[in-house]
Amino acid sequence: MTAPSNETNEEPSLTSWKTYAVGIQMLFVAFGALVLIPILVGMHPSIALFTAGAGTLLFTFITRGQIPVFLASSFAFLAPMSISLEKYGYGATFCGMFSVGIVYAILAIAIAYFGPGFIKRILPPIVTGPVIMVIGLGLAPTAASMAVSSAGSSDFSGIALIVSFSTAGTAIAMALNKNRTLNLLPILIAIIVGYLVSIPFGLVDFKPVIEAAPIQWPWTSASAAGTFEWMEFSLPAILLFIPVSIVPAVEHFGDILAVQSVTKKDYLKEPGLHRTILGDGVATALAAALGGPPNTTYSEVTGAIALTGAYSTRFMRIAAVTSIVLSFVGILGAFLQTIPTPVMGGILILVFGMIGSIGLKTMIAGKVDFEEPKNYIIFAVIMMIGVGQLTIELGDFIISGVGLAAILGILLNAVLPSKVSQSAA
C-alpha cells in the first residue's frame, strides 16, 4: 500500500463534498483516543472535542497553515493527570497542564535562538526512526484488543473479528482502488461498512442517541461528575507535570518528522520546529485553561495521511471545526460513541501499522548504516524499551514507553563511540 506522491497529489476543491468527507474521516481516526483519555481520568469528552478542535486551529495558525496535523488528548499525560486529580483536584490539575504549555514556549524560544540544527544532531534518523516505529508498534496491543473484543477487553470474540476484518479489508480495498474518489476515502467508507456489518450482530447500542440532548454546552462539566473548576495555582501539580513534558515533546518531534517524511517537505526549515513546538504548547495551555486534557500531535492521523495522500491542512481544519461542532451537538456526539469497538480496531490496525512503516522509511531515507555497531545498539534499546513499555517511577514522577526509549536513544547516541572514531583512535 503505497502513499500517493506529494507531487502528483491534487487537492479537491474546498467546495467539493470529497474534501469535507476526507477531513471528517481524519476526526474519525482520532476520535477513539480523543474521547477515551478524558473518560479514563473522569473528564467529560465533550470539552475534549472542543479543545482538540480549537487547539488544532490554533496550531495551524501558528505554523502558518503548512503542516497537516491534528491535535487531541495526549496519552503521555494519563498517569500524571490521574495522580494529580486524585491528590490535588481539577483546578490544580489544570494549572499543572497549563505549565506544560509554558515549558514548550521556553523550548520554542531556545530552538529559535540556537536553530533546529542542534535538534537534528541530538535526534538523528537512528533515533527518530525507531521512536516513530515504537509510537505505532506500542499502540498495537490496543488496536489488536479492540479488533477482537466488542467491549475493548482482551476477551476474544469471533463476531468482533468478523467486523474488524470487514472494516480493515474495506479500507485496504479502497486504498488500492484506482478510483480516485474511493482512494481518498478508505477510512470513512470502511467505518460505514463496519458499522453496517455490526448492526445485525447486535453490536450497536442506539440508547445513547435516544437519550442524548439535541444541544449541549461543553463547559457544563469538566468532569464526568458534572462539576467545573477553573485553574488554581498549585506548585505540587506543576512539579508533577513539568518533568513528564519531555515525553510528548520528543514524540512531537517524531511526529513532525513522520509527517514530513510522508509529505516530502522540510518542516524543520519552514515553518520551523520552534513554531511547531510553540503551536503544540499554546494548544495545550488553551485546553488546560478551558478544562480539557493536554493536546499533542496525533500519530494516528499521520498514518491516515500516508494512507490517503491527504496532505493539505484544509482537511485538518475541517476535522477541527467538525470536532468543535460535535462538542455542542449532543445527538451527533452520542452517535459517534455508538461506533462499535471492533470497527475502530480494524481501522487502527491499519493506521498504526502505517506509522511503524513511516519509522522504517525514515531510517532508509536517512541512510542509517547498520554495519555501525552504535546504530544497531541504539535501535535495539529503543525498540525493546519502547515496545516493552519499561517504566521508571521516582515518587510521583513516572516515565515509560516511547518517552523513556527516546531519552535513552538520545543518551546512547551522544555517548557511544562510532566505529569510525574507534578506527581513528
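Basically the numbering used here = 1-based index in the sequence shown + 114. Just so you know, even glycine gets a beta-carbon here, dropped at the ideal spot from N, CA and C. Everything numeric in this text was worked out from a predicted model, so none of it was measured.
Could you tell me the alpha carbon to alpha carbon distance between residue i and residue j, rounded to whole angstroms?
i                 : j              : result
proline 454       : leucine 317    : 6 Å
isoleucine 370    : alanine 222    : 14 Å
proline 159       : arginine 389   : 28 Å
phenylalanine 347 : proline 322    : 37 Å
glycine 523       : valine 516     : 10 Å
serine 130        : alanine 424    : 14 Å
glycine 417       : threonine 377  : 12 Å
isoleucine 249    : glycine 203    : 30 Å
glycine 156       : serine 532     : 48 Å
glycine 459       : threonine 422  : 18 Å
alanine 338       : glycine 405    : Confidence at alanine 338 is low in this model, with a pLDDT of 43, below 50, so the placement of that residue is unreliable and no value is reported for it.
phenylalanine 320 : methionine 195 : 31 Å
glycine 491       : proline 238    : Residue identity differs from the one stated: residue 491 is isoleucine in this sequence, not glycine. So the alpha carbons of these two residues sit roughly 14 Å apart.
alanine 407       : threonine 398  : Looking at the sequence provided, one finds proline at residue 407 rather than alanine. So the two alpha carbons sit approximately 8 Å from each other.
alanine 336       : tryptophan 344 : Unreliable placement is indicated for alanine 336, whose pLDDT of 44 sits below 50; the coordinate value is still reported in the next sentence. Each residue's Cα considered, the two are about 9 Å apart.
arginine 428      : glutamine 139  : 13 Å
proline 309       : leucine 275    : At residue 309 the sequence reads tyrosine, which differs from the proline that was named. Going from the Cα of tyrosine 309 to the Cα of leucine 275 covers about 13 Å.
glutamine 451     : alanine 401    : 22 Å
leucine 526       : glutamate 325  : 55 Å
leucine 446       : leucine 440    : 6 Å
threonine 133     : isoleucine 506 : 44 Å
alanine 282       : isoleucine 419 : 16 Å
threonine 174     : lysine 201     : 35 Å
phenylalanine 191 : threonine 410  : 10 Å
Under a three-way DSSP split, which group does residue i fall into?
i                 : result
asparagine 291    : coil
leucine 400       : helix
alanine 285       : helix
valine 443        : strand
leucine 522       : helix
isoleucine 181    : coil
isoleucine 329    : strand
lysine 383        : helix
lysine 132        : helix
leucine 392       : helix
glycine 156       : coil
valine 435        : helix
methionine 260    : helix
alanine 420       : helix
phenylalanine 484 : coil
Could you pull the start and end residues of the beta strand (DSSP E) that residue i belongs to?
i             : result
glutamate 507 : 505-508
leucine 221   : From DSSP, leucine 221 is part of no beta strand (DSSP E) but of the alpha helix (DSSP H) over 204-228.
serine 187    : 185-187
Spatial neighbours of residue i within its chain, please: C-beta separation below 7 Å, excluding the five flanking residues on both sides.
i              : result
leucine 171    : Arg431 and Ala434
isoleucine 176 : Arg389, Leu392, Gly393 and Val396
alanine 327    : Gly444
glutamate 486  : Ser532 and Lys533
asparagine 123 : Residue confidence for asparagine 123 is low, a pLDDT of 43 falling below 50, so the modelled location carries little weight; the figure read from the coordinates is stated next. Excluding sequence neighbours, asparagine 123 sits near Gly423 and Tyr425.
Tell me which residue opens and which closes the alpha helix (DSSP H) that residue i is part of.
i                 : result
serine 471        : 455-479
threonine 242     : 239-252
threonine 410     : Element bounds for threonine 410: not the alpha helix (DSSP H) but the beta strand (DSSP E), 409-411.
threonine 302     : Residue identity differs from the one stated: residue 302 is leucine in this sequence, not threonine. Its alpha helix (DSSP H) spans residues 300-312.
isoleucine 176    : 159-176
phenylalanine 355 : 349-355
proline 487       : 487-502
valine 323        : 321-325
Are the CB atoms of residue j and residue i within a distance shorter than 8 Å?
i                 : j                 : result
alanine 528       : glycine 500       : no
serine 280        : valine 307        : yes
isoleucine 469    : alanine 363       : no
isoleucine 181    : tyrosine 412      : no
alanine 162       : serine 187        : yes
glycine 210       : leucine 354       : yes
valine 415        : phenylalanine 212 : no
glycine 368       : isoleucine 197    : no
valine 277        : valine 143        : no
leucine 474       : alanine 257       : no
phenylalanine 164 : isoleucine 438    : yes
phenylalanine 466 : leucine 253       : yes
serine 375        : isoleucine 472    : yes
phenylalanine 442 : isoleucine 329    : yes
Near residue i, what residues of its chain come up, given a Cβ to Cβ distance below 6 Å and the 5 sequence neighbours on each side ignored?
i              : result
isoleucine 273 : Phe315
proline 244    : Phe493, Ile496 and Met497
glycine 480    : Pro239
arginine 178   : Pro385
Among the residues of its own chain, which have a CB less than 8 Å from the CB of residue i, if the five just before and after it don't count?
i              : result
leucine 199    : Val155, Gly156 and Thr207
threonine 546  : Lying before the first or after the last residue shown, residue 546 is absent from the chain, which here runs from 115 to 539.
threonine 284  : Pro300, Ile303, Ala304, Val307 and Gly308
asparagine 489 : Ile240, Val482 and Asp483
glycine 205    : Glu343, Trp344, Met345, Glu346 and Ser348
Consider the Cβ of residue i: report whether some Cβ of chain B lies at a distance smaller than 8 Å.
i             : result
glutamine 180 : In the structure shown, chain B does not exist; there is a single protein chain.
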